[in-house]
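Okay, so here's the structure we're looking at.
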Amino acid sequence: MKSRSVYRARPDHVAAAVNAREERGTWLMAGLYPSSMTAKLLAQQIPVGRKDPYTPAGEFEAYQAMHDDGYALWVRYVGGDEPVPELPDRMVVRVVNQGEGGGAGIVTVTVSTRCLRCGGPRGFDTVRPYRFPVNGVIVDADRWTNPCGHTDSHPAVLMESRERPLPVSVGGPAAVVLRDAPVPPAPDSPAGVVLAAANGWRVPPAGTPD
């Protein structure tokens, strides 16, 4: 899922529409507003062709989302014959849950596909498994790359899932299909002994840029 910011101090919707047409299917941040009502109204007007220059109706998609500095308006051009990927509302990922006393485990959480910093699409379609040692045992979590460049850490994603809970999708497939993780080696096995000798561990960032 692509995204790119075209934010200016004063939103230039003519330039945003031109850029969106040139990068069909790519979400662009077309403006930043102090009022959520303004961004929301524009997000409603653009898909139905009621906001120049995002015409004719049906050729642009838009949504508004919270941004560190206000409320962002994101748009993309979808005109043409070829379909463009949908932007799911949520994504399911595995993250590290570090408990008290140095213990840690892997939990599966459901979070928004929108970046908490800028509101742009997260890299839900770049999620891949990541293996690393925790207390001498190999565990499997997930990592992904956000197109906006903001990085998600496992602790932050875990906190987000608790503070902004989202229901797991029932009627359709999740944005990420998880497979059963392989059984880690026993602590007294050769592989477990090697891992136990590793010099500690740290929780890796979930969204490290490639």
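My numbering runs 5 ahead of the 1-based position in the sequence shown.
Just so it is clear, CB atoms sit at the ideal spot from N, CA and C, and this is done for glycine as well.
- For V23 and E168, the gap between their C-alpha atoms comes out near 38 Å.
- Here E66 carries a strand assignment [DSSP, helix/strand/coil].
- Restricting attention to alpha helix (DSSP H) runs no shorter than 4 residues, the region 32-91 encloses them at 41-50, ordered along the chain.
- Annotation for V162: no beta strand (DSSP E) segment contains it, though the alpha helix (DSSP H) segment containing it runs 159-168.
- Residue state for R26 is assigned as helix, using DSSP reduced to three classes.
- Collapsing the DSSP output to three states places D130 in a helix.
- For the pair of segments examined, the region 84-96 was found not to touch the region 45-52: the number of CB pairs separated by less than 8 Å stays below three.
- For E66, the number of other beta carbons within 10 angstroms of its own is at least 16, and it is reported as buried.
- By the criterion of a C-beta distance shorter than 7 Å, H72 is surrounded in its chain by L37, C123, G124, once the five residues flanking it on both sides are discounted.
- Put simply, of V116, V139, G128 the residue whose alpha carbon is nearest the alpha carbon of A161 is V116.
- In this model, S40 and D130 are separated by some 30 Å (Cα to Cα).
- A direct Cα-to-Cα measurement between W149 and V114 gives close to 14 Å.
- The Cβ-Cβ distance between A70 and V101 does not fall below 8 Å.
- Using a Cβ distance threshold of 8 Å, P170 and W32 do not count as a contacting pair.
- Sorting A109, P152, G141, I143 by C-alpha distance to the C-alpha of C120 places P152 at the top.
- The closest CA to that of H159, considering only V142, A109, G141, N140, is found on A109.
- Exposure of R133 is indicated by the presence of fewer than 16 other C-beta atoms within 10 angstroms of its C-beta.
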